[in-house]
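What follows is one structure encoded as C-alpha coordinates, with my remarks underneath.
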Amino acid sequence: MTVRTRFAPSPTGYLHIGGVRTALFNWLFARAHGGQFLLRVDDTDQERNVDAALRPILDGFRWLGLDWDEGPEIGGSHGPYYQSQRNDKYQAAVSALLASGAAYRDFATTEEIQAEREAAQTAGGQFTYSRRWLAETKQDAAKFIAEGRQSVVRLKMPRTGELVHNDLIREEVRFPWSNEQDHVIQRADSTCLYHLASVVDDHEMQISHVIRAEEHLSNTPRQIFIARSLGYPLPEYAHLPYVAEPGSKNKLSKRKLDKYLKNKDFAQLKAHGERIAERMRLAVDADVFNPVIVDFYQAIGFLPEAILNYLLLLGWSLDDKTEEFSREEMIEHFSLERVNKAPASFDPQKLVAFQDRAMQKLPIKQKVAKVLPFLQAAGYIENPPPCDTGPYLSQICEAAGDRIKIAGDILDYDDFFVADDQLIYEEKTLDKRLRSREQAPQILAEFRDRLAIVEHFEAATLEETLKAFVAEKEIKIGDIVHAVRVAITGKAVGFGLFETLAILGRERSLARIDRALQLVK
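Next comes the structure, spelled out in C-alpha coordinates:
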(Lines of atoms letter the chains of each structure in order from A and count residues from 1; the text may use other names and numbers.)
(Lines give C-alpha, C1' and ligand atoms only; values in the text may rest on other atoms or scores of the structure.)
Protein backbone atom coordinates (compact mmCIF):
# COMPACT_ATOMS: atom_id res chain seq x y z
CA MET A 1 0.00 0.00 0.00
CA THR A 2 1.26 3.46 -0.89
CA VAL A 3 0.96 5.79 2.08
CA ARG A 4 -0.86 8.99 1.16
CA THR A 5 -1.68 11.63 3.77
CA ARG A 6 -3.26 15.04 3.47
CA PHE A 7 -3.67 18.32 5.26
CA ALA A 8 -6.84 20.14 4.34
CA PRO A 9 -6.95 23.72 5.67
CA SER A 10 -9.89 26.04 5.27
CA PRO A 11 -8.75 29.36 3.77
CA THR A 12 -10.39 31.35 6.53
CA GLY A 13 -7.38 32.81 8.30
CA TYR A 14 -3.71 32.25 8.99
CA LEU A 15 -1.79 29.11 9.83
CA HIS A 16 -2.50 28.12 13.43
CA ILE A 17 0.38 26.58 15.39
CA GLY A 18 -1.80 23.54 16.15
CA GLY A 19 -2.60 23.15 12.46
CA VAL A 20 1.10 23.18 11.67
CA ARG A 21 1.66 20.39 14.20
CA THR A 22 -1.04 18.31 12.47
CA ALA A 23 0.45 19.04 9.04
CA LEU A 24 3.94 18.16 10.32
CA PHE A 25 2.80 14.77 11.61
CA ASN A 26 1.09 14.04 8.27
CA TRP A 27 4.20 15.13 6.38
CA LEU A 28 6.54 13.07 8.56
CA PHE A 29 4.37 9.95 8.34
CA ALA A 30 4.27 10.18 4.55
CA ARG A 31 7.99 10.83 4.25
CA ALA A 32 8.85 8.06 6.74
CA HIS A 33 6.97 5.53 4.59
CA GLY A 34 8.12 6.79 1.21
CA GLY A 35 4.62 8.06 0.49
CA GLN A 36 2.98 11.29 -0.66
CA PHE A 37 1.73 14.30 1.26
CA LEU A 38 -1.15 16.29 -0.26
CA LEU A 39 -2.58 19.73 0.38
CA ARG A 40 -6.28 20.16 -0.25
CA VAL A 41 -8.29 23.32 0.26
CA ASP A 42 -11.51 22.73 2.20
CA ASP A 43 -13.51 25.70 0.98
CA THR A 44 -17.01 24.21 0.98
CA ASP A 45 -18.31 26.82 3.42
CA GLN A 46 -18.63 29.78 1.08
CA GLU A 47 -19.69 32.17 3.84
CA ARG A 48 -16.42 31.59 5.69
CA ASN A 49 -14.13 31.52 2.69
CA VAL A 50 -11.52 34.28 2.43
CA ASP A 51 -9.65 34.06 -0.87
CA ALA A 52 -6.62 36.02 0.28
CA ALA A 53 -6.19 33.79 3.32
CA LEU A 54 -4.80 30.89 1.28
CA ARG A 55 -1.64 32.80 0.38
CA PRO A 56 -0.20 33.02 3.93
CA ILE A 57 -1.01 29.34 4.47
CA LEU A 58 0.98 28.26 1.42
CA ASP A 59 3.75 30.74 2.23
CA GLY A 60 3.91 29.31 5.74
CA PHE A 61 4.31 25.78 4.41
CA ARG A 62 7.09 26.88 2.08
CA TRP A 63 8.88 28.73 4.87
CA LEU A 64 8.69 25.67 7.11
CA GLY A 65 9.95 23.42 4.33
CA LEU A 66 6.84 21.21 4.39
CA ASP A 67 6.67 20.48 0.68
CA TRP A 68 3.58 18.88 -0.82
CA ASP A 69 3.48 16.33 -3.63
CA GLU A 70 0.02 17.27 -4.92
CA GLY A 71 -2.16 20.28 -4.33
CA PRO A 72 -2.49 24.01 -5.00
CA GLU A 73 0.05 25.54 -7.39
CA ILE A 74 1.61 22.21 -8.37
CA GLY A 75 -1.47 20.19 -9.34
CA GLY A 76 -1.45 16.41 -9.57
CA SER A 77 -3.40 13.50 -11.00
CA HIS A 78 -6.19 13.65 -8.38
CA GLY A 79 -7.23 17.28 -8.79
CA PRO A 80 -8.79 19.70 -8.60
CA TYR A 81 -7.54 20.34 -5.06
CA TYR A 82 -10.15 22.92 -4.12
CA GLN A 83 -13.41 21.50 -2.79
CA SER A 84 -15.31 24.38 -4.35
CA GLN A 85 -14.28 22.98 -7.75
CA ARG A 86 -15.38 19.40 -7.01
CA ASN A 87 -19.14 19.85 -6.55
CA ASP A 88 -20.00 17.45 -9.39
CA LYS A 89 -18.33 14.63 -7.46
CA TYR A 90 -20.28 15.47 -4.31
CA GLN A 91 -23.57 15.64 -6.19
CA ALA A 92 -22.93 12.17 -7.59
CA ALA A 93 -22.28 10.88 -4.07
CA VAL A 94 -25.50 12.50 -2.80
CA SER A 95 -27.48 10.83 -5.59
CA ALA A 96 -25.95 7.46 -4.71
CA LEU A 97 -26.77 7.88 -1.02
CA LEU A 98 -30.36 8.87 -1.82
CA ALA A 99 -30.75 5.92 -4.18
CA SER A 100 -29.50 3.46 -1.55
CA GLY A 101 -31.68 4.87 1.22
CA ALA A 102 -28.67 5.97 3.25
CA ALA A 103 -29.85 9.59 2.88
CA TYR A 104 -33.15 11.37 2.41
CA ARG A 105 -34.57 14.73 1.39
CA ASP A 106 -35.88 16.63 4.37
CA PHE A 107 -38.32 19.53 4.02
CA ALA A 108 -38.39 20.66 7.65
CA THR A 109 -37.85 24.32 8.40
CA THR A 110 -35.26 25.50 10.89
CA GLU A 111 -38.06 26.53 13.23
CA GLU A 112 -39.68 23.09 13.10
CA ILE A 113 -36.41 21.36 13.92
CA GLN A 114 -35.80 23.78 16.78
CA ALA A 115 -39.31 23.17 18.15
CA GLU A 116 -38.63 19.42 18.30
CA ARG A 117 -35.29 20.05 19.97
CA GLU A 118 -36.86 22.29 22.64
CA ALA A 119 -39.65 19.78 23.25
CA ALA A 120 -37.07 17.05 23.90
CA GLN A 121 -35.22 19.31 26.31
CA THR A 122 -38.43 20.16 28.15
CA ALA A 123 -39.23 16.47 28.49
CA GLY A 124 -35.72 15.83 29.80
CA GLY A 125 -34.87 13.46 26.97
CA GLN A 126 -32.31 13.35 24.18
CA PHE A 127 -33.29 15.03 20.93
CA THR A 128 -33.77 12.66 18.01
CA TYR A 129 -35.25 14.09 14.85
CA SER A 130 -38.68 12.62 14.06
CA ARG A 131 -38.07 12.60 10.29
CA ARG A 132 -41.59 13.95 10.04
CA TRP A 133 -40.83 15.97 6.91
CA LEU A 134 -38.89 13.21 5.16
CA ALA A 135 -39.86 12.86 1.50
CA GLU A 136 -39.96 9.11 0.82
CA THR A 137 -41.54 9.45 -2.62
CA LYS A 138 -41.62 11.96 -5.46
CA GLN A 139 -45.24 12.64 -4.50
CA ASP A 140 -44.16 13.57 -0.97
CA ALA A 141 -41.53 15.89 -2.38
CA ALA A 142 -44.00 17.51 -4.79
CA LYS A 143 -46.44 18.10 -1.92
CA PHE A 144 -43.80 19.79 0.22
CA ILE A 145 -42.55 21.88 -2.69
CA ALA A 146 -46.13 23.01 -3.37
CA GLU A 147 -46.22 24.24 0.22
CA GLY A 148 -43.20 26.42 -0.57
CA ARG A 149 -40.75 24.33 1.41
CA GLN A 150 -37.09 23.90 0.55
CA SER A 151 -35.19 20.69 1.16
CA VAL A 152 -31.83 19.63 2.47
CA VAL A 153 -30.36 16.15 2.23
CA ARG A 154 -29.74 14.34 5.50
CA LEU A 155 -28.00 11.09 6.33
CA LYS A 156 -30.39 8.40 7.55
CA MET A 157 -28.21 7.36 10.45
CA PRO A 158 -28.66 4.08 12.37
CA ARG A 159 -30.41 4.51 15.71
CA THR A 160 -29.52 1.25 17.42
CA GLY A 161 -26.26 -0.52 18.11
CA GLU A 162 -22.84 1.07 18.02
CA LEU A 163 -19.84 1.66 15.82
CA VAL A 164 -16.66 0.01 17.09
CA HIS A 165 -13.68 1.71 15.53
CA ASN A 166 -9.94 1.10 15.95
CA ASP A 167 -8.09 4.40 15.90
CA LEU A 168 -4.31 4.28 15.41
CA ILE A 169 -3.80 6.53 18.44
CA ARG A 170 -7.00 6.20 20.50
CA GLU A 171 -7.14 2.43 19.93
CA GLU A 172 -10.66 1.00 20.26
CA VAL A 173 -13.35 3.68 20.33
CA ARG A 174 -17.07 2.95 20.65
CA PHE A 175 -19.74 5.28 19.27
CA PRO A 176 -23.41 4.52 20.12
CA TRP A 177 -25.46 5.25 17.01
CA SER A 178 -28.18 6.69 19.25
CA ASN A 179 -25.92 9.69 19.89
CA GLU A 180 -25.83 10.57 16.20
CA GLN A 181 -28.23 12.94 14.48
CA ASP A 182 -29.31 12.79 10.85
CA HIS A 183 -26.55 15.11 9.71
CA VAL A 184 -27.14 17.44 6.78
CA ILE A 185 -24.82 16.68 3.84
CA GLN A 186 -26.37 18.98 1.22
CA ARG A 187 -27.79 22.46 1.77
CA ALA A 188 -30.94 23.84 0.21
CA ASP A 189 -28.83 25.60 -2.43
CA SER A 190 -27.37 22.19 -3.44
CA THR A 191 -23.90 22.89 -2.06
CA CYS A 192 -22.45 20.08 0.03
CA LEU A 193 -21.02 20.14 3.52
CA TYR A 194 -17.56 19.25 4.73
CA HIS A 195 -18.50 15.85 6.15
CA LEU A 196 -19.53 14.48 2.77
CA ALA A 197 -16.91 16.32 0.73
CA SER A 198 -14.07 15.15 2.94
CA VAL A 199 -15.04 11.48 2.62
CA VAL A 200 -15.46 11.69 -1.15
CA ASP A 201 -12.16 13.52 -1.59
CA ASP A 202 -10.23 11.17 0.68
CA HIS A 203 -11.52 8.25 -1.37
CA GLU A 204 -10.90 9.76 -4.80
CA MET A 205 -7.47 11.07 -3.80
CA GLN A 206 -6.60 7.61 -2.43
CA ILE A 207 -5.77 8.87 1.04
CA SER A 208 -4.54 5.91 3.07
CA HIS A 209 -4.26 7.60 6.47
CA VAL A 210 -6.42 10.41 7.83
CA ILE A 211 -4.26 11.96 10.55
CA ARG A 212 -6.10 14.85 12.13
CA ALA A 213 -6.84 16.71 15.34
CA GLU A 214 -8.79 15.14 18.19
CA GLU A 215 -11.68 17.56 17.67
CA HIS A 216 -12.58 15.61 14.51
CA LEU A 217 -13.03 12.34 16.39
CA SER A 218 -16.75 13.06 16.79
CA ASN A 219 -17.05 13.36 13.00
CA THR A 220 -15.76 9.84 12.50
CA PRO A 221 -19.07 7.91 12.89
CA ARG A 222 -20.91 9.93 10.24
CA GLN A 223 -17.92 9.79 7.89
CA ILE A 224 -17.51 6.04 8.27
CA PHE A 225 -21.26 5.69 7.67
CA ILE A 226 -20.94 7.72 4.46
CA ALA A 227 -17.92 5.73 3.27
CA ARG A 228 -19.55 2.37 3.94
CA SER A 229 -22.80 3.47 2.31
CA LEU A 230 -20.88 4.45 -0.83
CA GLY A 231 -18.89 1.22 -0.83
CA TYR A 232 -15.56 2.92 -0.15
CA PRO A 233 -12.70 1.12 1.60
CA LEU A 234 -11.96 2.93 4.85
CA PRO A 235 -8.71 4.81 5.38
CA GLU A 236 -6.88 4.39 8.67
CA TYR A 237 -7.81 7.11 11.15
CA ALA A 238 -5.45 8.64 13.70
CA HIS A 239 -6.67 11.42 15.98
CA LEU A 240 -3.92 13.57 17.46
CA PRO A 241 -4.15 15.17 20.91
CA TYR A 242 -4.85 18.85 20.55
CA VAL A 243 -2.35 21.57 21.38
CA ALA A 244 -3.48 23.10 24.65
CA GLU A 245 -3.20 26.60 26.11
CA PRO A 246 -0.14 27.49 28.20
CA GLY A 247 -0.50 25.76 31.56
CA SER A 248 -3.94 24.39 30.70
CA LYS A 249 -5.73 21.46 29.07
CA ASN A 250 -8.04 23.72 27.05
CA LYS A 251 -7.49 23.88 23.30
CA LEU A 252 -5.17 26.65 22.08
CA SER A 253 -7.11 29.26 20.11
CA LYS A 254 -6.03 32.32 18.16
CA ARG A 255 -9.12 34.14 19.47
CA LYS A 256 -8.08 34.10 23.14
CA LEU A 257 -5.02 36.33 22.93
CA ASP A 258 -6.11 38.55 25.84
CA LYS A 259 -6.38 35.50 28.07
CA TYR A 260 -2.97 34.14 27.09
CA LEU A 261 -1.28 37.48 27.71
CA LYS A 262 -1.90 36.88 31.41
CA ASN A 263 0.69 34.11 31.10
CA LYS A 264 4.10 35.68 31.78
CA ASP A 265 6.03 33.66 29.19
CA PHE A 266 3.41 34.20 26.49
CA ALA A 267 3.33 37.94 27.21
CA GLN A 268 7.13 38.16 27.09
CA LEU A 269 7.24 36.39 23.74
CA LYS A 270 4.65 38.72 22.25
CA ALA A 271 6.39 41.80 23.68
CA HIS A 272 9.70 40.58 22.24
CA GLY A 273 8.04 40.29 18.84
CA GLU A 274 6.43 43.72 19.12
CA ARG A 275 9.80 45.30 19.89
CA ILE A 276 11.25 43.79 16.71
CA ALA A 277 8.19 44.79 14.68
CA GLU A 278 8.39 48.37 15.95
CA ARG A 279 12.02 48.67 14.88
CA MET A 280 11.08 47.33 11.44
CA ARG A 281 8.16 49.78 11.28
CA LEU A 282 5.77 46.89 10.68
CA ALA A 283 2.06 47.59 10.88
CA VAL A 284 1.02 45.06 13.52
CA ASP A 285 -2.24 43.28 12.70
CA ALA A 286 -3.70 41.68 15.83
CA ASP A 287 -5.05 38.77 13.76
CA VAL A 288 -1.58 37.94 12.48
CA PHE A 289 0.84 39.22 15.08
CA ASN A 290 -0.08 36.57 17.57
CA PRO A 291 2.16 33.79 18.94
CA VAL A 292 -0.60 31.30 18.12
CA ILE A 293 -0.10 32.11 14.40
CA VAL A 294 2.92 30.91 12.39
CA ASP A 295 3.31 34.28 10.64
CA PHE A 296 4.36 35.80 13.98
CA TYR A 297 7.46 33.63 14.14
CA GLN A 298 8.39 34.14 10.51
CA ALA A 299 8.01 37.91 10.87
CA ILE A 300 10.42 38.25 13.80
CA GLY A 301 13.09 35.80 12.70
CA PHE A 302 12.51 32.37 14.22
CA LEU A 303 14.16 29.47 12.41
CA PRO A 304 11.80 26.96 10.75
CA GLU A 305 13.81 24.05 12.14
CA ALA A 306 13.30 25.34 15.69
CA ILE A 307 9.54 25.59 15.17
CA LEU A 308 9.33 22.08 13.72
CA ASN A 309 11.57 20.55 16.38
CA TYR A 310 9.44 22.06 19.13
CA LEU A 311 6.14 21.04 17.51
CA LEU A 312 7.40 17.50 17.00
CA LEU A 313 7.58 17.11 20.77
CA LEU A 314 4.08 18.47 21.34
CA GLY A 315 2.41 15.10 21.63
CA TRP A 316 5.25 12.83 20.43
CA SER A 317 8.51 11.62 21.93
CA LEU A 318 11.27 9.23 20.98
CA ASP A 319 12.38 8.61 24.56
CA ASP A 320 12.64 10.54 27.80
CA LYS A 321 15.83 12.41 26.93
CA THR A 322 16.18 13.18 23.21
CA GLU A 323 14.91 16.64 22.29
CA GLU A 324 16.84 17.83 19.27
CA PHE A 325 16.27 16.32 15.84
CA SER A 326 17.41 17.23 12.37
CA ARG A 327 14.76 17.03 9.67
CA GLU A 328 16.24 13.72 8.53
CA GLU A 329 16.14 12.35 12.09
CA MET A 330 12.51 13.40 12.46
CA ILE A 331 11.61 11.37 9.37
CA GLU A 332 13.70 8.41 10.51
CA HIS A 333 12.20 8.15 13.99
CA PHE A 334 8.61 9.34 13.58
CA SER A 335 5.80 6.85 14.15
CA LEU A 336 2.19 7.12 15.24
CA GLU A 337 2.82 4.51 17.94
CA ARG A 338 4.74 7.10 19.95
CA VAL A 339 2.07 9.80 19.77
CA ASN A 340 0.52 10.54 23.16
CA LYS A 341 -3.20 10.60 23.84
CA ALA A 342 -3.16 13.52 26.28
CA PRO A 343 -3.17 17.17 25.17
CA ALA A 344 0.22 18.90 25.12
CA SER A 345 0.39 22.46 26.48
CA PHE A 346 2.01 25.14 24.35
CA ASP A 347 5.05 26.40 26.28
CA PRO A 348 6.39 29.72 24.89
CA GLN A 349 9.51 29.57 27.06
CA LYS A 350 10.44 26.13 25.76
CA LEU A 351 9.87 27.20 22.17
CA VAL A 352 12.21 30.16 22.67
CA ALA A 353 14.79 27.79 24.17
CA PHE A 354 14.62 25.60 21.05
CA GLN A 355 15.04 28.71 18.92
CA ASP A 356 17.99 29.91 20.98
CA ARG A 357 19.82 26.58 20.65
CA ALA A 358 19.17 26.39 16.94
CA MET A 359 20.38 29.96 16.43
CA GLN A 360 23.63 29.39 18.33
CA LYS A 361 24.40 26.32 16.21
CA LEU A 362 24.26 28.31 12.98
CA PRO A 363 27.60 29.01 11.31
CA ILE A 364 28.32 32.75 11.26
CA LYS A 365 27.77 32.96 7.51
CA GLN A 366 24.26 31.52 7.87
CA LYS A 367 23.52 33.75 10.85
CA VAL A 368 24.49 36.77 8.77
CA ALA A 369 22.11 35.62 6.04
CA LYS A 370 19.29 35.38 8.61
CA VAL A 371 19.79 38.82 10.17
CA LEU A 372 20.50 40.78 6.97
CA PRO A 373 16.84 40.98 5.79
CA PHE A 374 15.83 42.55 9.11
CA LEU A 375 18.45 45.27 8.79
CA GLN A 376 17.31 45.92 5.23
CA ALA A 377 13.65 46.04 6.27
CA ALA A 378 14.51 48.55 9.00
CA GLY A 379 16.38 50.71 6.50
CA TYR A 380 19.85 50.27 7.99
CA ILE A 381 21.36 48.45 5.01
CA GLU A 382 20.59 48.88 1.34
CA ASN A 383 19.15 46.15 -0.84
CA PRO A 384 21.29 44.86 -2.48
CA PRO A 385 23.82 45.39 0.32
CA PRO A 386 27.27 46.95 -0.20
CA CYS A 387 30.07 44.46 -0.78
CA ASP A 388 31.60 45.01 2.67
CA THR A 389 28.35 44.17 4.49
CA GLY A 390 29.11 40.47 4.93
CA PRO A 391 32.43 40.86 6.78
CA TYR A 392 31.02 43.71 8.90
CA LEU A 393 27.96 41.69 9.94
CA SER A 394 30.13 38.66 10.62
CA GLN A 395 32.12 40.67 13.17
CA ILE A 396 28.93 41.86 14.86
CA CYS A 397 27.40 38.38 15.00
CA GLU A 398 30.64 36.95 16.38
CA ALA A 399 30.80 39.62 19.08
CA ALA A 400 27.10 39.31 19.94
CA GLY A 401 27.42 35.60 20.62
CA ASP A 402 24.26 34.18 22.17
CA ARG A 403 22.66 37.61 22.58
CA ILE A 404 21.00 37.21 19.18
CA LYS A 405 18.41 34.55 19.97
CA ILE A 406 16.01 35.52 17.18
CA ALA A 407 17.17 36.99 13.88
CA GLY A 408 15.24 40.19 14.56
CA ASP A 409 17.29 40.73 17.71
CA ILE A 410 20.00 42.22 15.49
CA LEU A 411 17.93 45.41 15.56
CA ASP A 412 18.80 45.84 19.25
CA TYR A 413 22.29 46.73 17.99
CA ASP A 414 21.21 49.53 15.70
CA ASP A 415 24.11 51.62 17.05
CA PHE A 416 26.38 49.75 14.65
CA PHE A 417 24.33 50.82 11.64
CA VAL A 418 23.34 54.44 12.20
CA ALA A 419 25.48 57.36 11.09
CA ASP A 420 27.76 58.64 13.85
CA ASP A 421 26.00 62.01 13.98
CA GLN A 422 22.59 60.30 14.25
CA LEU A 423 23.37 58.03 17.18
CA ILE A 424 20.68 58.36 19.83
CA TYR A 425 21.93 58.52 23.40
CA GLU A 426 20.03 57.22 26.42
CA GLU A 427 19.76 60.43 28.44
CA LYS A 428 19.68 58.63 31.79
CA THR A 429 22.84 56.73 30.93
CA LEU A 430 24.56 59.86 29.64
CA ASP A 431 23.68 61.63 32.90
CA LYS A 432 24.79 58.74 35.09
CA ARG A 433 28.09 57.96 33.36
CA LEU A 434 29.25 61.40 32.19
CA ARG A 435 27.25 64.47 33.25
CA SER A 436 26.96 63.59 36.95
CA ARG A 437 30.62 62.63 37.34
CA GLU A 438 32.84 65.67 37.52
CA GLN A 439 36.02 64.00 36.27
CA ALA A 440 34.36 61.62 33.77
CA PRO A 441 34.42 63.90 30.68
CA GLN A 442 38.08 64.76 31.24
CA ILE A 443 39.03 61.10 31.72
CA LEU A 444 37.09 60.15 28.59
CA ALA A 445 38.80 62.91 26.58
CA GLU A 446 42.22 61.70 27.67
CA PHE A 447 41.40 58.09 26.80
CA ARG A 448 40.10 59.29 23.44
CA ASP A 449 43.57 60.67 22.72
CA ARG A 450 45.11 57.29 23.56
CA LEU A 451 42.73 55.60 21.11
CA ALA A 452 43.79 58.07 18.43
CA ILE A 453 47.41 56.89 18.53
CA VAL A 454 47.13 53.18 19.39
CA GLU A 455 48.99 51.30 16.67
CA HIS A 456 46.69 48.31 16.13
CA PHE A 457 43.01 49.13 16.57
CA GLU A 458 42.09 45.57 17.53
CA ALA A 459 40.24 44.15 20.54
CA ALA A 460 43.29 42.67 22.29
CA THR A 461 45.41 45.81 21.84
CA LEU A 462 42.55 48.05 22.92
CA GLU A 463 42.07 46.04 26.09
CA GLU A 464 45.79 46.39 26.93
CA THR A 465 45.60 50.12 26.23
CA LEU A 466 42.66 50.60 28.57
CA LYS A 467 44.23 48.58 31.39
CA ALA A 468 47.43 50.60 31.11
CA PHE A 469 45.40 53.82 31.16
CA VAL A 470 43.51 52.72 34.29
CA ALA A 471 46.76 51.86 36.08
CA GLU A 472 48.34 55.16 35.11
CA LYS A 473 45.37 57.28 36.19
CA GLU A 474 44.69 55.18 39.29
CA ILE A 475 40.98 54.98 38.55
CA LYS A 476 38.45 52.17 38.68
CA ILE A 477 38.14 50.27 35.42
CA GLY A 478 34.35 50.67 35.50
CA ASP A 479 34.66 54.45 35.42
CA ILE A 480 36.22 54.46 31.97
CA VAL A 481 34.50 51.34 30.56
CA HIS A 482 31.00 52.71 31.18
CA ALA A 483 31.92 56.16 29.91
CA VAL A 484 33.37 54.79 26.68
CA ARG A 485 30.43 52.45 26.16
CA VAL A 486 27.78 55.16 26.37
CA ALA A 487 29.93 57.44 24.20
CA ILE A 488 30.23 54.96 21.32
CA THR A 489 26.87 53.12 21.55
CA GLY A 490 24.56 55.54 23.36
CA LYS A 491 23.54 52.68 25.68
CA ALA A 492 24.34 51.30 29.11
CA VAL A 493 24.73 47.69 28.03
CA GLY A 494 25.97 45.79 25.03
CA PHE A 495 28.51 43.18 24.14
CA GLY A 496 32.28 43.36 24.66
CA LEU A 497 33.54 46.95 24.72
CA PHE A 498 36.80 46.17 22.96
CA GLU A 499 35.06 44.14 20.24
CA THR A 500 32.64 47.04 19.80
CA LEU A 501 35.46 49.55 19.39
CA ALA A 502 37.26 47.29 16.92
CA ILE A 503 34.10 46.73 14.84
CA LEU A 504 33.34 50.46 14.65
CA GLY A 505 36.96 51.24 13.86
CA ARG A 506 39.15 54.13 14.94
CA GLU A 507 37.54 56.90 12.90
CA ARG A 508 33.95 56.16 13.93
CA SER A 509 34.86 55.52 17.56
CA LEU A 510 36.66 58.85 17.87
CA ALA A 511 33.84 60.71 16.12
CA ARG A 512 31.29 59.29 18.55
CA ILE A 513 33.38 60.09 21.61
CA ASP A 514 33.81 63.65 20.35
CA ARG A 515 30.05 64.00 19.91
CA ALA A 516 29.34 62.62 23.38
CA LEU A 517 31.81 65.08 24.91
CA GLN A 518 30.06 67.94 23.12
CA LEU A 519 26.69 66.79 24.48
CA VAL A 520 27.85 66.84 28.10
CA LYS A 521 29.62 70.21 28.05
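The sequence shown begins at 168 in this note's numbering and counts up one residue at a time. Even for Gly, the Cβ is constructed at its ideal location relative to N, Cα and C.
Secondary structure of GLY186 (DSSP, three-state): helix.
Between VAL331 and ASP273, the C-beta spacing is not below 9 Å. Nearest in C-alpha terms to LYS416, of all of GLY482, ILE352, SER244, is GLY482. In this structure, the CA atom of GLY268 is about 46 Å from the CA atom of LEU231. Counting only the Cα atoms, ILE573 lies some 11 Å from PHE541.
Annotation for PHE294: no beta strand (DSSP E) segment contains it, and DSSP assigns it neither H nor E. VAL340 is a Cβ neighbour of LEU384, given a cutoff of 9 Å. Here DSSP, grouped into helix, strand and coil, assigns CYS554 to coil. Remark: C-beta atoms of LYS418 and ALA411 approach each other more closely than 9 Å. Apart from the 5 residues on each side of it in sequence, PRO551 has no Cβ closer than 7 Å to any other Cβ in its chain. Within the same chain, and ignoring the five residues on either side of GLU625 in sequence, the residues whose Cβ sits closer than 6 Å to its Cβ are ALA669. Going by DSSP, GLN527 is part of the alpha helix (DSSP H) stretching over 515-528.
Looking at the backbone, the Cα of LEU611 and that of CYS564 are separated by about 27 Å. A distance below 9 Å separates the beta carbons of ASP462 and TYR181. Using a Cβ-Cβ distance cut-off of 8 Å, the segment 648-661 and the segment 590-610 are in contact, since at least three pairs of beta carbons, one from each stretch, lie closer than that value. Rounded to whole angstroms, the separation of the alpha carbons of HIS370 and ASN333 is 19 Å.
In this structure the segment 396-412 does not touch the segment 297-313; the number of beta carbon pairs closer than 8 Å is below three.
Three or more beta-carbon pairs separated by less than 8 Å link the segment 193-209 to the segment 365-380, which places the two stretches in contact.
A direct Cα-Cα distance of roughly 13 Å separates ILE184 from ASN476.
In this structure, the alpha-carbon of ASP681 lies about 47 Å from that of ASP514.
In terms of CA proximity to LEU322, VAL261 leads the group VAL261, ALA308, ALA309. The Cβ atoms of ASP581 and MET526 lie no closer than 9 Å to each other.
Secondary structure at ALA175: coil, using DSSP grouped into helix, strand and coil. By the Cβ-count criterion, PRO553 is exposed, with fewer than 16 other Cβ atoms from all chains shown falling within 10 Å of its own Cβ. Going by C-alpha positions, LEU360 is about 10 Å away from HIS350. Excluding residues up to 5 positions away in sequence, LEU231, TYR464 lie with their Cβ nearer than 7 Å to the Cβ of ILE474 in the same chain. Given a length threshold of 4 residues, each whole run of the alpha helix (DSSP H) inside the segment 242-320 is given here in chain order: 254-267, 277-289, 305-313.
When Cβ pairs closer than 8 Å are counted between the two stretches, the segment 425-440 is seen not to touch the segment 493-506, the count staying below three. When C-alpha distances from ALA444 are compared across LEU470, ASP579, SER512, ASP555, the shortest belongs to ASP579. With a 10 Å radius around the Cβ and a threshold of 16 neighbouring Cβ atoms, GLU237 comes out buried. Taking the CA atoms as reference points, LEU677 sits about 25 Å from GLU549. Shown here for GLY645: not one same chain residue has a beta carbon closer than 7 Å to its own, the five before and five after excluded. DSSP, read as helix, strand or coil, puts TYR404 in strand. Pairing ARG389 with GLU347 gives a Cβ-Cβ distance under 9 Å. DSSP, reduced to helix, strand and coil, places GLY232 outside both helices and strands of the structure shown, so it counts as coil. Taking C-beta atoms under 8 Å as the contact rule, LEU629 and ILE647 fail to qualify, at a distance of about 12 Å.
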